[in-house]
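Asks: Got a structure for you, written out below as C-alpha coordinates; questions coming shortly.
In this note's numbering, the protein residues as written are 640 to 797.
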(Lines of atoms letter the chains of each structure in order from A and count residues from 1; the text may use other names and numbers.)
(Lines give C-alpha, C1' and ligand atoms only; values in the text may rest on other atoms or scores of the structure.)
Protein backbone atom coordinates (compact mmCIF):
# COMPACT_ATOMS: atom_id res chain seq x y z
CA UNK A 1 0.00 0.00 0.00
CA UNK A 2 1.15 3.50 -0.80
CA UNK A 3 1.48 5.91 2.05
CA UNK A 4 0.40 9.48 1.32
CA UNK A 5 2.27 12.20 3.20
CA UNK A 6 0.15 15.25 3.90
CA UNK A 7 0.12 18.28 6.09
CA UNK A 8 -2.42 18.79 8.85
CA UNK A 9 -4.18 21.35 6.64
CA UNK A 10 -4.25 18.90 3.71
CA UNK A 11 -5.79 16.15 5.84
CA UNK A 12 -8.36 18.60 7.18
CA UNK A 13 -9.27 19.72 3.64
CA UNK A 14 -9.78 16.09 2.53
CA UNK A 15 -11.93 15.39 5.59
CA UNK A 16 -14.05 18.46 4.83
CA UNK A 17 -14.45 17.44 1.18
CA UNK A 18 -15.45 13.92 2.28
CA UNK A 19 -18.03 15.30 4.71
CA UNK A 20 -19.47 17.60 2.02
CA UNK A 21 -19.71 14.80 -0.53
CA UNK A 22 -21.31 12.32 1.88
CA UNK A 23 -23.64 14.69 3.73
CA UNK A 24 -24.64 17.18 1.02
CA UNK A 25 -23.87 15.96 -2.49
CA UNK A 26 -24.74 12.26 -2.09
CA UNK A 27 -28.25 12.90 -0.64
CA UNK A 28 -28.94 15.56 -3.31
CA UNK A 29 -27.96 13.16 -6.10
CA UNK A 30 -30.11 10.43 -4.60
CA UNK A 31 -33.03 12.83 -4.56
CA UNK A 32 -32.31 13.89 -8.17
CA UNK A 33 -32.27 10.25 -9.29
CA UNK A 34 -35.60 9.62 -7.56
CA UNK A 35 -37.13 12.69 -9.19
CA UNK A 36 -35.80 11.72 -12.63
CA UNK A 37 -37.07 8.16 -12.16
CA UNK A 38 -40.59 9.49 -11.65
CA UNK A 39 -40.46 11.13 -15.09
CA UNK A 40 -41.04 7.78 -16.76
CA UNK A 41 -39.13 5.79 -19.38
CA UNK A 42 -35.56 5.45 -18.12
CA UNK A 43 -34.13 4.53 -21.55
CA UNK A 44 -34.59 8.03 -22.90
CA UNK A 45 -34.42 9.97 -19.64
CA UNK A 46 -31.38 12.28 -19.90
CA UNK A 47 -31.80 13.68 -16.39
CA UNK A 48 -31.74 10.18 -14.91
CA UNK A 49 -28.63 9.15 -16.84
CA UNK A 50 -26.84 12.40 -16.00
CA UNK A 51 -27.63 12.02 -12.29
CA UNK A 52 -26.45 8.39 -12.30
CA UNK A 53 -23.23 9.35 -14.04
CA UNK A 54 -22.65 12.14 -11.53
CA UNK A 55 -23.40 9.71 -8.70
CA UNK A 56 -20.75 7.32 -10.01
CA UNK A 57 -18.14 10.07 -10.10
CA UNK A 58 -19.02 11.25 -6.58
CA UNK A 59 -18.87 7.71 -5.18
CA UNK A 60 -15.48 7.16 -6.85
CA UNK A 61 -14.15 10.39 -5.31
CA UNK A 62 -15.50 9.40 -1.88
CA UNK A 63 -13.70 6.03 -2.12
CA UNK A 64 -10.51 7.78 -3.29
CA UNK A 65 -10.59 10.21 -0.34
CA UNK A 66 -11.28 7.37 2.12
CA UNK A 67 -8.33 5.40 0.74
CA UNK A 68 -6.01 8.38 0.90
CA UNK A 69 -7.04 9.23 4.45
CA UNK A 70 -6.65 5.61 5.57
CA UNK A 71 -3.16 5.46 4.07
CA UNK A 72 -2.09 8.97 4.98
CA UNK A 73 0.85 9.96 7.09
CA UNK A 74 -0.08 13.34 8.55
CA UNK A 75 3.01 15.39 9.30
CA UNK A 76 2.71 18.44 11.54
CA UNK A 77 5.87 20.38 10.75
CA UNK A 78 5.29 22.74 13.68
CA UNK A 79 6.04 19.87 16.11
CA UNK A 80 9.44 19.18 14.54
CA UNK A 81 12.39 21.18 15.91
CA UNK A 82 13.60 23.80 13.43
CA UNK A 83 16.97 22.75 12.04
CA UNK A 84 17.21 24.93 8.93
CA UNK A 85 16.84 21.83 6.77
CA UNK A 86 14.18 21.51 4.12
CA UNK A 87 11.72 18.76 5.05
CA UNK A 88 8.16 17.87 4.10
CA UNK A 89 5.80 20.64 5.15
CA UNK A 90 8.35 23.42 5.43
CA UNK A 91 8.03 26.70 3.59
CA UNK A 92 11.14 27.51 1.60
CA UNK A 93 12.25 30.78 0.07
CA UNK A 94 14.63 30.19 -2.83
CA UNK A 95 16.43 32.62 -5.12
CA UNK A 96 17.45 31.98 -8.71
CA UNK A 97 21.26 32.30 -8.70
CA UNK A 98 21.38 33.92 -12.16
CA UNK A 99 18.43 36.33 -11.99
CA UNK A 100 18.26 36.81 -8.20
CA UNK A 101 14.45 36.37 -8.44
CA UNK A 102 13.08 34.79 -5.29
CA UNK A 103 10.01 32.65 -4.82
CA UNK A 104 8.49 30.93 -1.79
CA UNK A 105 7.03 27.42 -1.81
CA UNK A 106 5.58 25.11 0.79
CA UNK A 107 6.39 21.45 0.20
CA UNK A 108 3.16 19.48 0.55
CA UNK A 109 1.52 16.20 -0.41
CA UNK A 110 0.32 15.34 -3.88
CA UNK A 111 -3.34 16.20 -3.15
CA UNK A 112 -2.48 19.58 -1.68
CA UNK A 113 -0.22 20.91 -4.44
CA UNK A 114 -1.39 24.19 -5.96
CA UNK A 115 1.28 26.30 -7.62
CA UNK A 116 -0.98 29.39 -7.54
CA UNK A 117 -0.99 29.15 -3.74
CA UNK A 118 2.76 28.47 -3.59
CA UNK A 119 2.32 24.81 -2.67
CA UNK A 120 4.40 22.26 -4.55
CA UNK A 121 4.21 18.48 -4.41
CA UNK A 122 6.93 16.66 -2.53
CA UNK A 123 7.41 14.64 -5.73
CA UNK A 124 8.06 17.68 -7.96
CA UNK A 125 11.57 18.21 -9.35
CA UNK A 126 12.08 21.39 -7.30
CA UNK A 127 10.96 19.76 -4.04
CA UNK A 128 13.08 16.65 -4.66
CA UNK A 129 16.12 18.88 -5.19
CA UNK A 130 15.41 20.89 -2.02
CA UNK A 131 14.63 18.08 0.45
CA UNK A 132 17.38 17.58 3.07
CA UNK A 133 19.27 20.72 2.01
CA UNK A 134 19.89 23.65 4.35
CA UNK A 135 19.67 27.44 4.29
CA UNK A 136 22.53 28.79 2.18
CA UNK A 137 22.86 25.66 0.03
CA UNK A 138 22.70 25.96 -3.75
CA UNK A 139 20.69 23.29 -5.56
CA UNK A 140 20.47 22.47 -9.25
CA UNK A 141 17.00 21.73 -10.61
CA UNK A 142 16.57 20.02 -13.98
CA UNK A 143 13.79 21.70 -15.94
CA UNK A 144 12.63 21.31 -19.55
CA UNK A 145 14.50 24.56 -20.29
CA UNK A 146 17.73 23.33 -18.74
CA UNK A 147 19.33 23.26 -15.31
CA UNK A 148 18.50 26.16 -12.99
CA UNK A 149 20.41 26.82 -9.79
CA UNK A 150 18.62 28.10 -6.71
CA UNK A 151 20.00 29.24 -3.39
CA UNK A 152 17.97 28.37 -0.30
CA UNK A 153 17.39 31.73 1.38
CA UNK A 154 15.14 30.71 4.28
CA UNK A 155 13.40 27.62 5.65
CA UNK A 156 10.33 28.15 7.84
CA UNK A 157 8.19 25.75 9.84
CA UNK A 158 4.71 27.24 9.56
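Positions of the beta carbon are idealized from the N, C-alpha and C atoms, including for glycine.
So for residue 743, helix, strand or coil by DSSP?
Replies: Here residue 743 sits in strand by DSSP.
Asks: What span of residues does the alpha helix (DSSP H) with residue 764 cover, start to end?
Replies: That run of the alpha helix (DSSP H) goes 764-769.
Asks: Is the Cβ-Cβ distance between residue 643 and residue 702 less than 9 Å?
Replies: Not closer than 9 Å, so no.
Asks: Would you give the residue range spanned by the alpha helix (DSSP H) that residue 773 belongs to?
Replies: Neither: residue 773 is in no alpha helix (DSSP H) and is coded neither H nor E.
Asks: So, residue 717 versus residue 770, is the Cβ gap smaller than 9 Å?
Replies: Cβ atoms of residue 717 and residue 770: not closer than 9 Å.
Asks: Identify the residues that DSSP records as bridge partners of residue 759: which are they?
Replies: Paired residues: 746.
Asks: Tell me whether the segment 682-697 and the segment 788-796 touch, counting them as touching only if at least three CB pairs, one residue from each stretch, are closer than 8 Å.
Replies: Taking 8 Å as the limit for Cβ pairs, the verdict is that the segment 788-796 does not touch the segment 682-697.
Asks: Using C-beta distances below 7 Å, list every residue in its chain close to residue 667, excluding the 5 sequence neighbours before and after it, in chain order.
Replies: Nothing meets the Cβ criterion.
Asks: Pick out the complete alpha helix (DSSP H) segments inside the segment 660-714, 4 residues or longer, and give them in chain order.
Replies: Runs found: 665-676 and 685-709.
Asks: Since I believe residue 751 is in contact with residue 646 (beta carbons under 8 Å), could you give me their beta-carbon distance rounded to a whole number of angstroms?
Replies: Yes, they are in contact, since the Cβ atoms of residue 646 and residue 751 sit about 6 Å apart, within 8 Å.
Asks: Using C-beta distances below 6 Å, list every residue in its chain close to residue 657, excluding the 5 sequence neighbours before and after it, in chain order.
Replies: Excluding residues within five positions, the ones whose Cβ falls inside 6 Å are 704.
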